[in-house]
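The sequence shown begins at 1 in full-length UniProt numbering and counts up by one. Cβ coordinates follow ideal geometry from the N, Cα and C atoms, glycine included. Model, not experiment: these values are computed from the prediction. Reading through the structure tokens given below for one structure.
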Amino acid sequence: MRDRGVVLVANSILNAGELDGTVAALIDASRAVGHRGGYLECAQHAEEIFGQEFDTSHCSVADEANAELTRAENAYDHLALPVMDLIMKALEHDDWCSRLKAILDPPEMVELSDEEELAGDGGDDGAGDQNDDDKNDGDGDGHE
């Protein structure tokens with residue numbers, strides 16, 4: 001835990017699903033605001049060049065883009081990650097190291113399906129095709 005503790009904490013935070021969704025919404029909203037700003041700036045330049053008003057009503061980004069960006073920023077600023085709550089609770093105890101290890105580096109569990117055998121390798125003794133009763137080498141060339 002001593003060697004990898006900080007890395008495990010960072011990975012737990014960075015890999016949190018809540019963070020992924022919030023950051024994705026923030027990126028989308030900021031792109032929309034940037035697109036709209038660039039579109040309106042281009043329209044302004046066109047108006048100056050041509051001396052007539054340029055119709056911006058058909059811009060694909062609505063006026064609500066700034067409000068959506070504000071909401072996304074607020075969600076990011078007030079994001080609560082469940083893993084952080086677990087970490088903070090673990091740090092309150094005397095055995096905080098073992099508690100953190102249980103949270104951040106849980107043992108890997110392997111689930112076997114019903115079709116998989118729990119023991120052995122499916123009966124293959126490693127002899128391959130040597131003990132085949134049909135005397136066919138299986139390469140399809142007609143030679144045995």
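Query, Result
"If you reduce the DSSP assignment to three classes, tell me which class L26 lands in.", "helix"
"Run the CB neighbour count on L91, radius 10 Å, all protein chains shown included, and call it buried at 16 or more, exposed below.", "exposed"
"Assuming the contact rule is C-beta atoms closer than 8 Å, I27 and M84 should be a hit. Round their C-beta distance to whole Å, please.", "No, I27 and M84 are not in contact; Cβ-Cβ is about 22 Å, not under 8 Å."
"Quick check on the DSSP output: the alpha helix (DSSP H) that includes L53 runs from which residue to which?", "As written in the sequence, residue 53 is Glu, which differs from the Leu given in the question. Note, E53: premise wrong, no alpha helix (DSSP H); not H, not E."
"If you follow the alpha helix (DSSP H) that A102 is part of, which residue opens it and which one closes it?", "W96 to L104"
"Along the alpha helix (DSSP H) that carries D85, what are the first and last residues, could you check?", "P82 to L91"
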